[in-house]
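Add 4 to a position in the sequence shown, counting from 1, and you land on the number used in the working numbering.
Heads up, the thing below is written out as structure tokens.
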Amino acid sequence: MPIDYSKWDKIELSDDSDIEVHPNVDKRSFIRWKQQSIHEERVKRTNDINNLEFQVKMNSRLNQRVDKMLAQLNDEDLLNRDTVRKFLNANFDKNEKGEGENVDPDMPPYNEMVEDLFEQLEINAKKANKDPKDGSVIREMIMEHRQKIDAVTKQAQERLVQLYKEKASLISSDDFHTGFDKGFVNSKSQEDVDAAKFLPNASSSSQSDVTLPSPVPQFINFEDDVMKLAPETVEFGKISPKDIKKSEAHMLRYLPILSEQQKDALMMSAFEYQIEGNSERAYEVIHQSELIAYVREIYDMKKIPHLQVNELTEVIKMFFQKVFYNRVNDQGRKSFLDSVQAKFDHVKKRVAVMEEEESQEGVETIQLKSLDESTELQVQLPQFGSTDPDEIKKLEAFNKLPLKMQNAVKTQNLDKINDVFAEMPVDEAESVLDIFNEGGIIGINALLEDESEFQELQEQYQSESQNRLEPTEQNPNEQIHEPYEETAEVNTSDVVD
5 MPIDYSKWDK
15 IELSDDSDIE
25 VHPNVDKRSF
35 IRWKQQSIHE
45 ERVKRTNDIN
55 NLEFQVKMNS
65 RLNQRVDKML
75 AQLNDEDLLN
85 RDTVRKFLNA
95 NFDKNEKGEG
105 ENVDPDMPPY
115 NEMVEDLFEQ
125 LEINAKKANK
135 DPKDGSVIRE
145 MIMEHRQKID
155 AVTKQAQERL
165 VQLYKEKASL
175 ISSDDFHTGF
185 DKGFVNSKSQ
195 EDVDAAKFLP
205 NASSSSQSDV
215 TLPSPVPQFI
225 NFEDDVMKLA
235 PETVEFGKIS
245 PKDIKKSEAH
255 MLRYLPILSE
265 QQKDALMMSA
275 FEYQIEGNSE
285 RAYEVIHQSE
295 LIAYVREIYD
305 MKKIPHLQVN
315 ELTEVIKMFF
325 QKVFYNRVND
335 QGRKSFLDSV
345 QAKFDHVKKR
355 VAVMEEEESQ
365 EGVETIQLKS
375 LDESTELQVQ
385 LPQFGSTDPD
395 EIKKLEAFNK
405 LPLKMQNAVK
415 TQNLDKINDV
425 FAEMPVDEAE
435 SVLDIFNEGG
445 IIGINALLED
455 ESEFQELQEQ
465 YQSESQNRLE
475 PTEQNPNEQI
485 HEPYEETAEV
495 NTSDVVD
């Protein structure tokens, strides 16, 4: 059998053969310097690999927690530290932390690191002049932080690929082993396996100096869109809850769909189906999402950081055997279905609340109200048929009003005028206010945003009136108005003075 001697080209040696140095430089010293340099570079490369591997692993653990929170907690929950802490401890090992030779032993657990993130986000929100008590702001900042972590992780993975290649291209004394100590030869080195994790396009048929194994499968994880579903996951979500064997077969065929991101995205799609009124489909995808959740929980207990085909396949078969195919004890199946039902009830409840909140959202309108409660609103009608230029101008303005508003103004009743305003869009109502000012029909002092502003202005007005030594008569024609959100619970009138 021909022998391949090319591997000896990769040996990194430093001896005294064929070395030419400057006459003033001692050859032995030069060789020692060269040996020391090679050793230092090798140690540094090993440390860099260990540090980057830990960084990628740590970021993955943190992202799992952040993604689960974003998918299952609402904005209000994200503002409550106790809720966040309980959620993390209920879904993840609260004692899990980074371990390794180069890892600080005082490093906090991953759950605490995520909690500390919220404190930092509040500080950042204040610096950016944003409301730290607004859940939507915190959610947005978490997603921005998530993107930064992804960028750092990608750089670390690219650097790892380069370091793995460098290490594989040079053989050191650590790589030599006695040939017959083991019962097999040509096994894949751990470095090759590690490199394959970060080289999705690597091929075992490559003719380059570094021969890498075929790429290992990876869990599907759309980091840029946590709601995105892979086609295989969509098909899995369509399988009937009654067809358990088909679900098992699909899982075994498409292992990468068993990721936290795909599970959460499938769960969130249940809300969309429930909003559409399709409760049957909502229940189906929740059932399938829970299948992934249970399998993932068992697999994560093995603390395997990536997808290992044999281990995951064994977990899937064991789960279905004990939960669904166990004829002696069906308690596992009942417990699983109870969990599905609880999730389904939660989705229905949340959708009902959202629909109720949406139905109660007010329509922005304009209403008139006087600052002085003791002053009766005065509406100045034009003198119809008058030849006075001012009255003719007022009449021209009056005729610009919609017919319904003209009739309301003729009654000189504020309630009827406000009733017409309540039926108008804000932009049309503001045009009517301009006409009121133009014709002197009703004088408008100010436009207020909400009832609280009116109350503040009213208190200020009353305070100034009490402090006047010689009070003057308030002009009853000067009015103010405000747009407001009318709800089913509180019918807030906007104001004019």
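C-beta atoms are modelled at their ideal positions from N, C-alpha and C, and glycine is treated no differently.
Through-space distance from residue j to residue i, alpha-carbon basis
{"i": "Asp423", "j": "Ile439", "result": "18 Å"}
{"i": "Glu442", "j": "Ala426", "result": "21 Å"}
{"i": "Leu418", "j": "Gln387", "result": "20 Å"}
{"i": "Arg354", "j": "Phe348", "result": "10 Å"}
{"i": "Ile290", "j": "Phe275", "result": "10 Å"}
{"i": "Val383", "j": "Val413", "result": "7 Å"}
{"i": "Asp86", "j": "Ala94", "result": "12 Å"}
{"i": "Asp394", "j": "Pro429", "result": "30 Å"}
{"i": "Asn54", "j": "Val165", "result": "13 Å"}
{"i": "Gln483", "j": "Arg89", "result": "Any reading at Gln483 is ruled out, since the residue's pLDDT is 44, under 50, leaving its predicted position unreliable."}
{"i": "Tyr287", "j": "Val344", "result": "8 Å"}
{"i": "Gln410", "j": "Thr391", "result": "21 Å"}
{"i": "Asn282", "j": "Ala132", "result": "42 Å"}
{"i": "Glu116", "j": "Glu361", "result": "34 Å"}
{"i": "Asn51", "j": "Glu80", "result": "43 Å"}
{"i": "Lys134", "j": "Ile396", "result": "53 Å"}
{"i": "Gln292", "j": "Phe240", "result": "7 Å"}
Beta-carbon gap between residue i and residue j smaller than 8 Å
{"i": "Leu262", "j": "Phe223", "result": "yes"}
{"i": "Tyr114", "j": "Arg143", "result": "no"}
{"i": "Lys232", "j": "Gln278", "result": "no"}
{"i": "Ile248", "j": "Lys267", "result": "no"}
{"i": "Pro235", "j": "Pro260", "result": "no"}
{"i": "Leu66", "j": "Ile153", "result": "yes"}
{"i": "Leu437", "j": "Gln416", "result": "no"}
{"i": "Val319", "j": "Tyr329", "result": "no"}
{"i": "Arg163", "j": "Leu56", "result": "yes"}
{"i": "Ser64", "j": "Pro309", "result": "yes"}
Best match in the options for proximity to residue i [C-alpha to C-alpha]
{"i": "Glu301", "options": "Leu316, Val289, His291", "result": "Leu316"}
{"i": "Ile421", "options": "Lys137, Glu103, Lys408, Met271", "result": "Lys408"}
{"i": "Ile446", "options": "Leu311, Gln59, Lys398, Met428", "result": "Lys398"}
{"i": "Leu74", "options": "Ala346, Gln335, Val118, Lys404", "result": "Val118"}
Buried or exposed (CB count within 10 angstroms, at least 16 for buried), residue i
{"i": "Arg150", "result": "buried"}
{"i": "Arg257", "result": "exposed"}
{"i": "Val357", "result": "exposed"}
{"i": "Tyr298", "result": "buried"}
{"i": "Gly389", "result": "exposed"}
{"i": "Thr237", "result": "buried"}
{"i": "Thr157", "result": "buried"}
{"i": "Phe184", "result": "Note on Phe184: pLDDT 41, under 50, position unreliable in the model; no value is reported."}
{"i": "Ile370", "result": "buried"}
{"i": "Ser244", "result": "exposed"}
{"i": "Met255", "result": "buried"}
Limits of the alpha helix (DSSP H) - the one that residue i falls within
{"i": "Gln265", "result": "264-279"}
{"i": "Thr87", "result": "85-95"}
{"i": "Leu125", "result": "114-131"}
{"i": "Phe546", "result": "Since the first residue shown for the chain is 5 and the last is 501, residue 546 is missing from the structure and cannot be characterised."}
{"i": "Ser293", "result": "283-304"}
{"i": "Met111", "result": "It is not in any alpha helix (DSSP H) - Met111 carries neither H nor E in the DSSP assignment."}
{"i": "Glu100", "result": "Run containing Glu100: none; DSSP gives neither H nor E here."}
{"i": "Ala433", "result": "430-443"}
{"i": "Lys250", "result": "248-257"}
{"i": "Val327", "result": "313-327"}
{"i": "Pro410", "result": "Here residue 410 turns out to be Gln, not Pro, going by the sequence shown. Counting along the chain, the alpha helix (DSSP H) containing Gln410 begins and ends at 407-415."}
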